[in-house]
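Sequential numbering from 280 applies to the sequence shown in the working numbering. We put the beta carbon where it would ideally sit given N, CA and C, even for glycine.
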Amino acid sequence: MKQPVILSLHSVQRYEDQEPEELELVTEGLMEFRDGGWDISYVETELTGLEGVTTTFRVEKDQLTLRRTGQLQSEMVFRLGCSHDSLYQMPFGALMMTVQTTALFYDIVPDGGSIDLCYQVSIENTQAGTIEYHMDIRRPVVADNACVGGL
Numbered sequence: 280m281k282q283p284v285i286l287s288l289h290s291v292q293r294y295e296d297q298e299p300e301e302l303e304l305v306t307e308g309l310m311e312f313r314d315g316g317w318d319i320s321y322v323e324t325e326l327t328g329l330e331g332v333t334t335t336f337r338v339e340k341d342q343l344t345l346r347r348t349g350q351l352q353s354e355m356v357f358r359l360g361c362s363h364d365s366l367y368q369m370p371f372g373a374l375m376m377t378v379q380t381t382a383l384f385y386d387i388v389p390d391g392g393s394i395d396l397c398y399q400v401s402i403e404n405t406q407a408g409t410i411e412y413h414m415d416i417r418r419p420v421v422a423d424n425a426c427v428g429g430l
């Protein structure tokens with residue numbers, strides 16, 4: 280069953296000859312345990328530049344899969360020490376993307392958890408840069424309305 284969660288995301292993108300680009304985002308999402316792994320998803324916003332895209336992190340034993348659907352279609356598979364090729368499909372065309380996982384850690388339990396991911400990305404066989412993600416996942420705090428009201 281899908282459970283609502285609050286996601287705190289921090290990413291740093293480092294590309295050659297450019298200042299690092301950092302993004303901080305706190306958003307609502309959904310978390311579900313199915314088929315032996317966790318799905319953590321959220322809808323991108325204008326802030327991320329991917330408005331209209333749903334991002335899903337699939338966490339399984341020794342592997343993390345990042346899927347994007349909507350205006351953009353992609354699936355990147357992350358395994359420590361491994362590379363993965365995929366098409367990054369955008370409205371104006373597609374690019375071949377290769378990701379090489381350099382760090383992967385996750386600790387997910389029914390009440391939330393965290394994900395740390397670092398990878399190198401190549402676009403059309405040209406090294407493009409390094410991307411780091413950190414995500415904290417937590418259940419929303421439910422207010423106790425028992426004390427609300429008059430005396």
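Whose CA, out of 375, 419, 414, lies closest to the CA of residue 304? 414
C-alpha gap between residue 337 and residue 314, whole angstroms: 11 Å
Residue 334 burial status per 10 Å Cβ neighbour count (16 or more: buried): buried
DSSP three-state call for residue 295: helix, strand or coil? coil
Where does residue 327 fall in DSSP's three states? Three-state DSSP puts residue 327 in a helix.
Bounding residues of the beta strand (DSSP E) (the contiguous stretch that carries residue 391): Boundaries of the beta strand (DSSP E) around residue 391: 391-402.
Suppose you measure from the CA of residue 436 to the CA of residue 309; what does that come to, to the nearest Å? Outside the displayed span of the chain (280 to 430) sits residue 436, for which this structure offers no information.
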